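Here is the structure we will look at, set down as structure tokens.
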Amino acid sequence: MLCPCSAGAVPLAVIITKGQTEDSYVKGFQLLNEALENPFNNKGHPEIFMTDDSDAEIEALQNIWPASRNLLCIFHVAQAVWRWLWDSSHQIPKQHRNKLMLIFQHIMYPQTVEEAEEAYKNACGYIGVYLPTYENWNKKSTSKRFFEPLLLEITATREVEEAHPAVTEKISLSSYVPEDNNSSYEEKRKDLLKEIFSVMSHNDQKHKYSLSGLNKFLKKLQNVKSSGSWESFLHTAGNGVGIRRRYGAAIRVQPTSIARRSTFITRGSKRFPVGRPAVAPLSEKKEALLRSQHQI
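Per this note's numbering, residue 14 is the first one in the sequence shown, and the count goes up by one each step.
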């Protein structure tokens, strides 16, 4: 726990907990509160706590110091927004994510309240441009209620056709408009699935898939467990889904150590082998060199 001052952040306490649960935090904060005598300028509580996005930590602070305010650090706010933008369930296009993050930063880093309000109003104007709102709206069919006032004034099919092109395309006196706004979107999905199955069956008849290839494809399909992995499977043709699923925690390395590696070393998160090299058979050149030295 750090306390800000003119010299910077001053360490106030070090709390060692059993875990990152609310009960563990409450016990640690309770011991700290009992150890300090008239802390925080004789008020007994600080004005503001600045934490990361941890519900357990925030609830524990509210339990021990209910009169204090809890605020999120700006870094963690930006991190939470960035994670939200990259969540596949929100369906934000990749080419729009950086732009949306830049718009949010204009709201988060203003000098005055007026600048923040102006940045927020400008951001609202981008809705439908950098968000898929307009595209999703176009996927929905027009409701039947939209055409009811028009039908009350029109008495013949010929007059309906002369009224407006949109009316001619969507409805006539003898036609039925479904109530479900997502019907056209679902029909497109079903048509695409039928087309995919027909293309696969055509390729199978033409090229004859091997048994090993079909088994590999089936294993990748069976490893899809969430909507995010399914989207990754569709966009990468299955390359984003592994065949083997390893259970248990794996010891990885820090991103900073990966960044310090040279360009010809792998960029993965696995540990780089160190120490003596593994025993390997000698090459022909080394073996010939050792023979010549031994003869000398």
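Built from N, CA and C at the ideal position, the CB exists for glycine as well.
It should be emphasised that the depicted structure is a prediction, and the values quoted were computed from it without experimental measurement.
Under the criterion of beta carbons closer than 8 Å, residue 25 and residue 16 qualify as touching, at roughly 5 Å.
Here DSSP, grouped into helix, strand and coil, assigns residue 14 to coil. CA-CA distance, residue 103 to residue 111, rounds to 15 Å.
Looking at 84, 59, 118, the one whose alpha-carbon comes closest to that of residue 68 is 84.
For residue 21, the secondary structure class from DSSP, reduced to helix, strand or coil, is strand.
Straight across, the Cα-Cα distance linking residue 303 with residue 233 is about 51 Å.
Here DSSP, grouped into helix, strand and coil, assigns residue 76 to helix.
Per DSSP, the beta bridge partners of residue 61 are 82. For the pair of segments examined, the stretch 71-78 was found to touch the stretch 34-43: the number of CB pairs separated by less than 8 Å reaches three. With contacts defined as CB atoms closer than 8 Å, residue 82 and residue 60 qualify as a contacting pair. DSSP places residue 227 within a helical segment (H, G or I) once states are collapsed to three. Nearest in C-alpha terms to residue 96, of all of 119, 21, 66, is 66. Residues of the same chain with a CB within less than 6 Å of the CB of residue 14, apart from the 5 flanking positions on each side, are 25, 26 in chain order. Residue environment: residue 113 is assigned as buried (16 or more neighbouring CB atoms within 10 Å of its CB, all protein chains considered). Secondary structure note for residue 115: its alpha helix (DSSP H) is the uninterrupted segment 107-121. Between residue 93 and residue 38 the beta-carbon gap is near 20 Å, outside 8 Å, which marks them as no contact.
Taking all protein chains in view, the Cβ of residue 116 is crowded by 16 or more other Cβ atoms within 10 Å, so the residue is classified as buried. The C-beta of residue 70 has 16 or more other C-beta atoms within 10 Å across all chains shown, which makes the residue buried.
Residue 221 has its alpha-carbon roughly 13 Å from the corresponding atom of residue 212. Distance from the CA atom of residue 49 to the CA atom of residue 89, rounded to whole angstroms, is 29 Å. Proximity to residue 22 across 63, 55, 124, 98 peaks at 63, based on C-alpha coordinates. Here the alpha carbon of residue 129 sits roughly 50 Å from the alpha carbon of residue 207.
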